[in-house]
Every structure is written in structure tokens, then in C-alpha cells.
Amino acid sequence: MAYKKTAKKYSGKISQVTVGTGEKAITLGGKNVLPFYKFDGEAGNKPKVGIEIMDESPSEWSGEFAELYSEAGNDTAAWAKLVEEKYAPDFICLRFEGADPNGKNKSVEECVEVAKKVADSITVPLVVAGSKNNDKDAELFKNVAEALQGKNILLLAAKEENYKTVGAAGALAYGQKVAAESSVDINLAKQLNILMSQLGVKKEDIVMNVGCAAVGYGYEYVSSTMDRILLAALGQNDESLQMPIITAVSFDSWSVKESLATEADEPQWGNQMERGIHMEVSTAAACLVSGSDAVVVRHPKSLETMKKFVNSMM
Amino acid sequence: MGLTGIEIFKLTPRTNCKECGFPTCMAFSMKVASGAVEIEKCPHISDEAKAKLSEATAPPMKTITVGKGSSEKKIGGETVLFRHEKTLVNKPLIAVQFCDCISDERLEEKISNIKKVSYDRIGEHMQAEGAIVKYCGDKDKFLKVLGNVKDLELVNILYCSDAAVAKEGLELVKDTNPVLLGANSENINEMISLAKEYKATLGIEAGTIEELYSLAETAEKAGQKELIFNVGGKDIAKTFETAVETRRAALVGGDRTMGYPSIVFANTLSDGDDYLQTALASAFVLKYASIIVLDDMSYQTALPLFGLRQNIFTDPQKPMRVEPKIYEFANPKSDSPVLVTVDFALTYFVVSGEIERSKMPAWLMIPDSGGYSVLTSWAAGKFSGSVIRQMVKDSGIEEKLTVKRLVIPGKVAVLKGDIEEELPGWEIIVGPDEAMQIPKFLNELA
Ligand code: B12
Ligand code: SF4
Numbered sequence: 001m002a003y004k005k006t007a008k009k010y011s012g013k014i015s016q017v018t019v020g021t022g023e024k025a026i027t028l029g030g031k032n033v034l035p036f037y038k039f040d041g042e043a044g045n046k047p048k049v050g051i052e053i054m055d056e057s058p059s060e061w062s063g064e065f066a067e068l069y070s071e072a073g074n075d076t077a078a079w080a081k082l083v084e085e086k087y088a089p090d091f092i093c094l095r096f097e098g099a100d101p102n103g104k105n106k107s108v109e110e111c112v113e114v115a116k117k118v119a120d121s122i123t124v125p126l127v128v129a130g131s132k133n134n135d136k137d138a139e140l141f142k143n144v145a146e147a148l149q150g151k152n153i154l155l156l157a158a159k160e161e162n163y164k165t166v167g168a169a170g171a172l173a174y175g176q177k178v179a180a181e182s183s184v185d186i187n188l189a190k191q192l193n194i195l196m197s198q199l200g201v202k203k204e205d206i207v208m209n210v211g212c213a214a215v216g217y218g219y220e221y222v223s224s225t226m227d228r229i230l231l232a233a234l235g236q237n238d239e240s241l242q243m244p245i246i247t248a249v250s251f252d253s254w255s256v257k258e259s260l261a262t263e264a265d266e267p268q269w270g271n272q273m274e275r276g277i278h279m280e281v282s283t284a285a286a287c288l289v290s291g292s293d294a295v296v297v298r299h300p301k302s303l304e305t306m307k308k309f310v311n312s313m314m
Numbered sequence: 315m316g317l318t319g320i321e322i323f324k325l326t327p328r329t330n331c332k333e334c335g336f337p338t339c340m341a342f343s344m345k346v347a348s349g350a351v352e353i354e355k356c357p358h359i360s361d362e363a364k365a366k367l368s369e370a371t372a373p374p375m376k377t378i379t380v381g382k383g384s385s386e387k388k389i390g391g392e393t394v395l396f397r398h399e400k401t402l403v404n405k406p407l408i409a410v411q412f413c414d415c416i417s418d419e420r421l422e423e424k425i426s427n428i429k430k431v432s433y434d435r436i437g438e439h440m441q442a443e444g445a446i447v448k449y450c451g452d453k454d455k456f457l458k459v460l461g462n463v464k465d466l467e468l469v470n471i472l473y474c475s476d477a478a479v480a481k482e483g484l485e486l487v488k489d490t491n492p493v494l495l496g497a498n499s500e501n502i503n504e505m506i507s508l509a510k511e512y513k514a515t516l517g518i519e520a521g522t523i524e525e526l527y528s529l530a531e532t533a534e535k536a537g538q539k540e541l542i543f544n545v546g547g548k549d550i551a552k553t554f555e556t557a558v559e560t561r562r563a564a565l566v567g568g569d570r571t572m573g574y575p576s577i578v579f580a581n582t583l584s585d586g587d588d589y590l591q592t593a594l595a596s597a598f599v600l601k602y603a604s605i606i607v608l609d610d611m612s613y614q615t616a617l618p619l620f621g622l623r624q625n626i627f628t629d630p631q632k633p634m635r636v637e638p639k640i641y642e643f644a645n646p647k648s649d650s651p652v653l654v655t656v657d658f659a660l661t662y663f664v665v666s667g668e669i670e671r672s673k674m675p676a677w678l679m680i681p682d683s684g685g686y687s688v689l690t691s692w693a694a695g696k697f698s699g700s701v702i703r704q705m706v707k708d709s710g711i712e713e714k715l716t717v718k719r720l721v722i723p724g725k726v727a728v729l730k731g732d733i734e735e736e737l738p739g740w741e742i743i744v745g746p747d748e749a750m751q752i753p754k755f756l757n758e759l760a
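In order, the protein sequence lines correspond to chains A and B.
For what it's worth, the working numbering labels the leading residue of the first sequence as 1, then goes sequentially.
For what it's worth, the working numbering labels the leading residue of the second sequence as 315, then goes sequentially.
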């Protein structure tokens, strides 16, 4: 006998969504095979890797991050410019930690100013993430979307609780892209995509954020959710699941013990920042082979590593 | 890929003697084919026919045992490509590579690193499971390194395509179910004899998947059925492709000649880039390595990698729950605080580990919260003020207390008011978000 290839052809295809404008615009999705299975068919656009910045000083993360970005001081726009020039991310994810009503509760106006400044100082696409407070985020996204009309930004994200405002303002009124966020469940992801479509948001304007967990912390649910979504999108040609996936890896990977414990807490474990980076690249790589079309990471080393990873896999 | 009723019928004596309890051999055969009856029910079936049948009904991917004694491990044996289809069964082993070009210093360092990274996580012991020694031309050094590494008592993996040297190496690790890597189209016959002589699993490698296939066929024909594919080369995309293609040809294509475990050299592929090594090793945990080779052992690589592996190889059909009850730490007294969490095994292990680390006396109360994590069960309405009150009442904890302090997870701080209403007389304290802050928190509380 001789070897016979067991190829797998699918009828469905992941849609393509473009974020940003001009030369640096990125297009997500486009594959009709499982992630990186270019030997089966069209592997689509290379997955994109973005870096996370905040509306607050990087010292909120740790002294080491503050040092890394010391040149930028406390100016978020300078920070954005610095990461673009120095680390060449595919996109920048600006997260409004300070907008949280249970935290600094910065006003929407203040946040919009920051978003505008950031957008004006970079050429790569901008992804805007909120404070995790549904009501505040709805207001925030609506106003940011309006202020940055024409920039084709991605709002991360619209949830079941606020998709009407975020979808209507973000995508319909101001022509931005919207990520539909669900919590690690194929049915919830599908349902929110359908709701967004019924609202009138076009498929080319929707990305999915299907949730994430750091490796070791229930990550198997993330992986299985993505497996099932892709198999339905490609194999059953389920149009309501064919949106590309963005995963904010950094939001989870830096808040578990492996990344948070200091050397004093766990003397055996070695350098804390190194641990954080390894947690981040492990989680990001797992997400990319499971199905993410874009990942957000925090550390420049993680960015560099994941770009290398993507380039060598495709 | 079982046999059909007709095929089984041909293996029976076709005498219709009815001893199996069926009127005819044909009726019996149909039942066997559907899996309803064991072939053994027919006393007249020849051993040869039985072997044929068990071969035909064997799982598409072989399970191979490597290592001996405390290091014994099973690899392969997977039946599905995706864990949600059923479950993945045998975790990929993590192995560290040595070679004969290593300095004595580095050798010692790596051995000590392997020993150092050894810990428990959620009921599982984590450490490197295998050690590879590669032959690069210095036979004496190769044997010396192998001798040292062998004392680690891990799965011994020899990577050596020179059969004469390999034989001396195998002699050193005799009776340990070792793996012999390095069989290729030039040395396949000698390597097969060696593998058979020393009961080793034979690792084959080739430039293309077609060649890999024909090497596997050669080995099978010679009776060597403990095989492993070295699916990697220097190219990352190609390695990924071969790992996927071999697994798929076996599980979907039903071709057992491809149904062997695989080994991936994340160290070679990442070429000295430690971060990339972690990323690649993680990717190959998901798809589809059975042994993953690293350059060295360190906590920074082990923590994510073993955590991911543990997650991916949990059985989705088995709920991961612990018994709802009051757990005691360091002989808690009537004024010790009561911490409350959920019955999700992962959460329990993380939280209980931290309470132990604090060495502080404490009660840990776990109500029935559906087996979900803190936020999941809260979002699902299974971890609420009334659930917690019910548990306080049912458990009778109050009778053991003179000071009633309840510490709730920081992530559900919103429950505070609710619980205060449900449990008058109790002080409700919002604990930290992350369990790792529990030791500091408990020390300050006391
Ligand atoms: C895996 C997962 C699931 C799995 C369940 C797995 C399980 N057995 O729990 C599935 C897919 C089934 C699931 C379902 C749902 N989920 Co869910 N899920 C997750 C996910 C990805 C990881 C959870 C996890 O395993 N964490 C790890 C454990 C160890 O964390 P933990 O229990 O919180 O414990 C930590 C701390 O709380 C602390 N701690 C624990 N106990 C204690 C005690 C004390 C005293 C102290 C001080 C500290 C402490 O220590 C631990 C480590 O630091 C999270 C997202 C995320 N990244 O966290 C969402 C998440 C928890 N889910 C969420 C939701 C909404 C749901 C659903 C309600 C969705 C729905 N509408 O159906 C359902 C509910 C279940 C149902 N069917 O009824 C939301 C909750 C949102 C919110 N903030 O309220 C989250 C946050 C996702 C999101 N971003 O939207 N989920
Ligand atoms: S016992 Fe065997 S030989 Fe007899 S009827 Fe049954 S199958 Fe046929």
C-alpha cells in the first residue's frame, strides 16, 4: 500500500473583515480550512497580533512595564506612537481601564479625547476596549465611534447586554467594526451574531470575541468552543458563525498566579516578567491554533514571538 | 474499522451447531459485527480467526507503553481529533534533550533543572517525563551522558542512527522500555533488529510523509509494531502539516500504518528562542504531538505548558467537581474565619493550595454551586446569597463558631449586601480577587 492523504474540504468560509485604513489596514479571516491547514485549502489572511496599551500609566501593570515605556511618560498617545514605531504591531488595542465606574470612573469625554489623540498619532489600526462595565462601555463606544468616524476602528466589544447601542452606533451610524462578545459558548456566540445581524449590522462589520482563559484556568473550554465554532462555520456552512475571531489574550494571561506571583511569593519560580511572557505566548499560540484570527498581547516580547510564530506556521 | 457480518461469518466453522445460543453461524456473526456479542461465545472459533478479528477491531491509533516502573507512560491511543467529540486520552510527554556535545557543566545544570521543576497541580504531578540523548559523533561521551541521564529515571530516549553505537546505548538502558530514534531508509533493517532485541519503541524519520509511511510498513512487516514518527524537520509549517496528516490518516482515513504516536522537537524548531519554544510546544499540545522535546526545563516554560496540557486532556464527559462540605485547614478554631468558594475542582485546588500555603487555621465552606468557577456559577445563579445561607444552615458550622466571619471571593464582591441580609450576625468580608493573595490576606486578618 502507499500513503493516501486524508484531505478535508469544507463548503464554508470565514468572512473577511477589514480594520483600519490606508496601507496599514488589516484584513482578518478568509480561511476555508482549520487554522494553518494550508495543505487543505485556503488558509486565509495571516492571523494578526496586536499590542495592548491603556488610558492609564503602564505602572498600573507593574514597575517593569513602566520602565519599558518610560520614554512615553504618562501620555497614552506617546505610548501608542512608541509601540508602533518600536515594535511594529499589526494593530494597537487601547483599553479604557480608567473608565470603570468602580475604579477611577473617568468621564466619557475624557476618554474620547484620549482615543482621538491616540488615533491621530498612529497609522496602524486601532482596537478600542472598554472597562467591562456594560452601561459605561455602551456610552463610551458610542462616543468614541462618533469621534473617530472614518478611522474604521474595531470596538471590543458588544455584549448581549449592550449590543443594541454599540452595534447601532458603532457599525450602523458611524461605520466602525464591532466585536460580538460571548462567554465561551458556541450557542451564545451564534445568538449574538444573529441579533447583531437582525439589527442590520453587516457580516463584513462583525468580528467575534468568544472569550478566553489563561492556560491552566479552564482553557479547554476556550479551545473546544473555537473547535466547534470553526467546524460549524466551515463544515456546516453556518453563516451565523463565519465571523473571524479576535481574542484578548493579555486580559486573562496577566491576571493569574503564574504571572502575578512575585519572586518573594514563589522563590522557586524565577523571574516574574519572564513567567508572564511565557504564560502569554502559550495562551496566544493555543488560541491561534484553535481558531483566533487576531490576538491581543501585552508584552513586546510576546508580540515579537507571536509574529514569528504566525510567519513560520504560514 | 470492524469487520462486516459476512467477513466474520467466513471465520466461523459454518456448522450451525447452535452452541453460541444462535440458530445459525450467520445470525451469530451479524450480532458480533454489531458489537452485541463477543466472538468468544463460539467455542469453535480458531485462535487465528480471533486474532484476525481483534486486529480488525483494534483502535485506529496504537497505544504504546514507554518507560518502566515509576516512569512508565502511555502514549498514542487517541480515537478523536477534537476533545469535544469524546475525549483525548494520553497526554503528550515532555522530554528534555541532551547530546554528546554538551559540556559537563551544562549537563549537570540541565539534570539539576529537571530535578528542580517538580510540583503538584490540581492532583497531578508535574515534571519532565522523558530525557533524550542524541548521538553527534562522540561515542564515549554519548554513553557517559546516557549513563548520567538514566539515573533520572525518566523515559529514556536514544537518538542515534548509527546502529552499532545505538546497541551499546541500549545495553545501558536495558529493560526500561526505551525509545530508539533515528531509523531512516538507510538503516531501517538494523534498527528494527535492535528495537526488537531491546524491546524498544522505534522512532522513524524521513524527508516526506510517503517515505515515513513506507518505513512504517517495513517495520510492521518485520514484526516491529511499537513505532513513533519523528514528524519534524527544521521547518515549522511542514512539521505541523506532518503531525496533522499522520493523525488524520489514522483516525479519519482508518489507515493503521499511520496510527502511531509522534515526536516533535520544539527545541530544534525554535532554534534557541525560548519564547518561541513555549509557543510551539503549546501549539503541538493541541495538534498533535505525543512527545514534545524541549531544550531544558524551567518553571517559566513548565507552568503554562503543563497547565495547558492538563486542561486539554481533561475528560469533557466527566464533571470536575469536589464534594460540597466544610473543609478544615490547620485545625480551625471557633474564631477562625470561614472562607467560601465553589465546588469546581480547579477552583477548589487553587484555593485550598493557597490556604495551606498560608499555614493559617481556616474553614473552607463549599456549597453545591453546579461545579462551576466562581464567576460562572455566580452568572448562572448557582452561587448566591441564598445558596450560601442554605449551606451555612445545613452544615451546622455556626455551632462551631464564636466569631462569625465569612470571607467571599473578591470576584463576587457584589454579593456582599445580599449575604449580609441573608446571614444576620455574620461579618461578611470581601476577600482578594486572586487566590494567590489569600496568604497575605489571612495573615492580615488574624
Ligand atoms: C470555563 C468557563 C465556563 C465553562 C464552565 C467551566 C466551569 N466548570 O466553571 C462554561 C463554558 C460551561 C461556562 C458557562 C457559562 N459562563 Co463562563 N467562563 C469560563 C471562563 C472562560 C473560565 C472560568 C475558570 O475556569 N476560571 C478559573 C477558576 C479557577 O477561577 P475562579 O473560580 O474564579 O477562582 C479564582 C478566583 O475567583 C479566586 N477565588 C476562588 N474562590 C475564592 C474564595 C476566596 C475566599 C477568595 C479570597 C478567592 C477565591 O481564586 C481563583 C484563582 O485566582 C470564564 C472567563 C475567564 N477568563 O475567567 C468565563 C466566565 C466566568 N463565564 C461567564 C458566563 C456569563 C457564563 C454563562 C452564564 C454564560 C451563559 N449565559 O450561559 C455560563 C453559565 C453556566 C451555565 N450553563 O449555566 C462570564 C461571567 C461574567 C461575569 N463577570 O459575571 C465569564 C467571566 C466570561 C465573560 N468574560 O463573560 N463558562
Ligand atoms: S457456536 Fe460457532 S459454530 Fe456453532 S453455531 Fe454458533 S457460530 Fe456457528
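Beta carbons: idealized from backbone N, C-alpha and C, even for Gly.
According to DSSP, is residue i helix, strand or coil?
i	result
W677 of chain B	strand
G383 of chain B	helix
L367 of chain B	helix
H398 of chain B	helix
C287 of chain A	helix
E160 of chain A	coil
H278 of chain A	helix
Q16 of chain A	strand
A347 of chain B	helix
M315 of chain B	Interpretation of M315 of chain B is limited by its pLDDT of 46, a score under 50 that renders its predicted location unreliable; the figure taken from the coordinates is listed afterwards. M315 of chain B: coil per DSSP, three-state reduction.
I186 of chain A	helix
F141 of chain A	helix
K104 of chain A	coil
E642 of chain B	strand
F627 of chain B	coil
Can you pull the chain A neighbours of residue i, defined as C-beta to C-beta under 9 Å?
i	result
D569 of chain B	M1, Y3, K4 and T6
R719 of chain B	Per Cβ cutoff of 9 Å: no residues; R719 of chain B is ~24 Å from chain A at best.
Along chain B, in chain order, which residues have C-beta atoms closer than 7 Å to that of residue i?
i	result
I277 of chain A	Y589
R228 of chain A	H398
Following a CB-centred definition, is residue i positioned closer than 7 Å to any heavy atom of the ligand ADP?
i	result
N470 of chain B	With respect to the ligand ADP, the structure shown offers nothing to examine, as its ligands consist of the ligand B12 and the ligand SF4.
Below 8 Å on C-beta distance, what does residue i contact in chain B?
i	result
E258 of chain A	L617, P618 and G621
G216 of chain A	R435, L617, P618, F620, G621, L622, Q624 and N625
W254 of chain A	Residues of chain B passing the Cβ test: none, with the nearest at roughly 11 Å.
Y219 of chain A	G621, L622, N625 and I626
A285 of chain A	T592, A593, L594, S596 and A597
T165 of chain A	What T165 of chain A touches in chain B: nothing, since even the nearest Cβ is about 21 Å away.
May I ask you to check if the CB of residue i is nearer than 7 Å to at least one heavy atom of the ligand SF4?
i	result
E362 of chain B	no
K332 of chain B	yes
P357 of chain B	yes
C339 of chain B	yes
At 9 Å on the CB atoms, spell out the chain B contacts of residue i, in chain order.
i	result
V281 of chain A	Y589, L590, T592, A593, S596 and P618
Y315 of chain A	In this structure chain A extends from 1 to 314, so residue 315 of chain A is not present and cannot be described.
F65 of chain A	Result: empty, since nearest Cβ-Cβ is about 17 Å, beyond 9 Å.
Q268 of chain A	K430, V431, Y433 and Y613
Pull the bridge partners of residue i from the DSSP assignment, please.
i	result
R298 of chain A	Answer by DSSP bridge pairing: none, since R298 of chain A is not bridged.
Y473 of chain B	B:K448 and B:L495
H439 of chain B	B:D434
C93 of chain A	A:E52 and A:V127
K388 of chain B	B:T379
F579 of chain B	B:V607
C413 of chain B	B:K448
Under 7 Å Cβ-Cβ, which residues of chain A neighbour residue i?
i	result
K601 of chain B	V289
Within 7 Å: the Cβ of residue i and any heavy atom of the ligand B12?
i	result
E748 of chain B	yes
F658 of chain B	yes
T302 of chain B	In this structure chain B extends from 315 to 760, so residue 302 of chain B is not present and cannot be described.
Against residue i, what residues of chain A qualify as contacts under a CB-to-CB distance less than 8 Å, listed in chain order?
i	result
S687 of chain B	G218
Chain-ordered residues of the segment 739-758 of chain B with a beta carbon less than 9 Å from chain A = D747, E748, A749, M750, Q751, P753 and K754
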